[in-house]
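**Q** Take this structure, written in C-alpha cells, and hold onto it; I'll ask about it next.
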Amino acid sequence: MTDSLGEKDKTPRTARGERTRRALLSAAAEEFGEKGFHEGSISGITRRAGCALGSFYTYFDSKDDIFRALVADMSGQVRDYVGPRIAQARDGIDAERLGLLSFLEFARSHKEIYRIIDEAEFVDQAAYRTHYESTASRILVRLREAAARGEVSGEPDEIHAWAIMGMNVFLGLRFGVWDDSRPVQEVAAIANALIERGIGSGGRDGNPDNA
C-alpha cells in the first residue's frame, strides 16, 4: 500500500511488527539520548534493539525518520503517563499539581527526553514546535474547563498555559534530570502554591489591569 505521495506505508500490521518497531524506538531513545542525533547511528540503534539492519528499513526510511517518530512517541508517552493521573485531581488547581508531579516522575525515568526534545529544534523544528504547542494546548483546555467550574479566576489565556508549561519544563530539568533527590511531592506542592495564589479562585487572575 502507498500513500498519496507514492511512499510506502510502513505501519506495522502484526503484533510482532509492532513489537519490533517499539524495540527500535526504545533503542533510538537510548542511542540519541546518549550520543545525540548527529553522533547516533542506525547501526547503533539496531544493535541496541537486537535486530537486523534490514528490520530498521522495514519501519523507517532514515535516521531523520526514526528521530521524528521518536519525538512524537516521547511526547505521546508523556501525555499518556500524565493524563490518567490528572484525571484523579480534586479540582483544576490540583490537576496542575498532579500534572507536574507525574511529569517529574516521567522525567526521572526517561532522562533522555530533554536531550532528544532539545535536539529536535535543530533536526526537525516542526516536531519540536508540535511537542510544546500540543502540551500547552492541553494545559489551556484544562484551565478553561476549571474556569467554567469556578476553580480558577479570570479567563485563562494561552499565556497562562505557556507559563505553567515553562515552569514544569525547567523544574523537570532541575529536579528530574540534574538532581532527583528532592521528593517530587515537595517540588510539585511548592510550584502549585504559586499557581493557586496567582490564578486560583481566591487569588488574582494575572490580568495586569487587576494588579
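First residue of the sequence shown: -16, per my numbering; consecutive thereafter. For every residue, glycine included, the Cβ atom is placed at its ideal position computed from N, Cα and C. Just so it is clear, the structure is predicted and the values come from calculations on it, not from any experiment.
Whose C-beta lies closer than 8 Å to the C-beta of R121 among residues of the same chain, with five residues either side of it excluded?
**A** If you ignore the 5 residues before and after R121, its C-beta comes within less than 8 Å of the C-beta of R62, all in its own chain and listed in chain order.
**Q** Tell me, please, which residues DSSP counts as bridged to V135.
**A** G183
**Q** Between the C-alpha atoms of G27 and G183, what's the straight-line distance to the nearest angstrom?
**A** The alpha-carbon separation between G27 and G183 amounts to approximately 49 Å.
**Q** Enumerate in chain order the residues of its own chain whose CB-to-CB distance from I49 is below 6 Å, with the five nearest sequence positions on each side excluded.
**A** A11, F43
**Q** What's the gap between the Cα of G149 and the Cα of L87?
**A** 13 Å
**Q** Round the Cβ separation of E171 and L53 to the nearest angstrom and send it over; I've been treating them as touching at under 8 Å.
**A** Note that residue 171 is Ala in the sequence shown here, rather than Glu. Not really, about 27 Å apart at Cβ, beyond 8 Å.
**Q** For A199, collect the residues of the same chain with a Cβ closer than 6 Å to its Cβ; drop the 5 residues on either side in sequence, then sort them by chain order.
**A** Because the chain here runs from -16 to 194, residue 199 falls outside it and cannot be looked at.
**Q** Between F89 and Y64, is the Cβ-Cβ spacing less than 8 Å?
**A** yes
**Q** Can you give me the C-alpha to C-alpha distance between R165 and I96, rounded to a whole angstrom?
**A** 20 Å
**Q** Alpha carbon to alpha carbon, how far is I99 from A176?
**A** 30 Å
**Q** Pick out whichever of E134, T41, R132, L123 has its Cα sitting closest to the Cα of D140.
**A** L123
**Q** Taking only the alpha-carbon atoms, compute the straight-line gap between A130 and A146 and give it to the nearest angstrom.
**A** Cα-Cα distance, rounded: 17 Å.
**Q** Starting from the Cα of A119, find the closest Cα among D107, F105, D162, G82 and give me that residue.
**A** Among D107, F105, D162, G82, the Cα nearest to that of A119 belongs to G82.
**Q** Whole angstroms are fine: how far does the CA of T41 sit from the CA of K(-7)?
**A** 7 Å
**Q** State the Cα-Cα distance for the pair E17 and G181, rounded to the nearest angstrom.
**A** 39 Å
**Q** Measuring CA to CA, which of G0, R4, F15 is closest to D101?
**A** F15
**Q** Can you tell me whether T(-3) is buried or exposed? The criterion is at least 16 other CB atoms within 10 Å of its CB, across all chains shown.
**A** exposed
**Q** Using CA coordinates, which residue listed in G159, A174, H114, E179 is at the minimum distance from G137?
**A** E179
**Q** What residue range does the alpha helix (DSSP H) around T29 cover?
**A** 25 to 32
**Q** Just to confirm the assignment, what range does the alpha helix (DSSP H) spanning E95 have?
**A** 95 to 106
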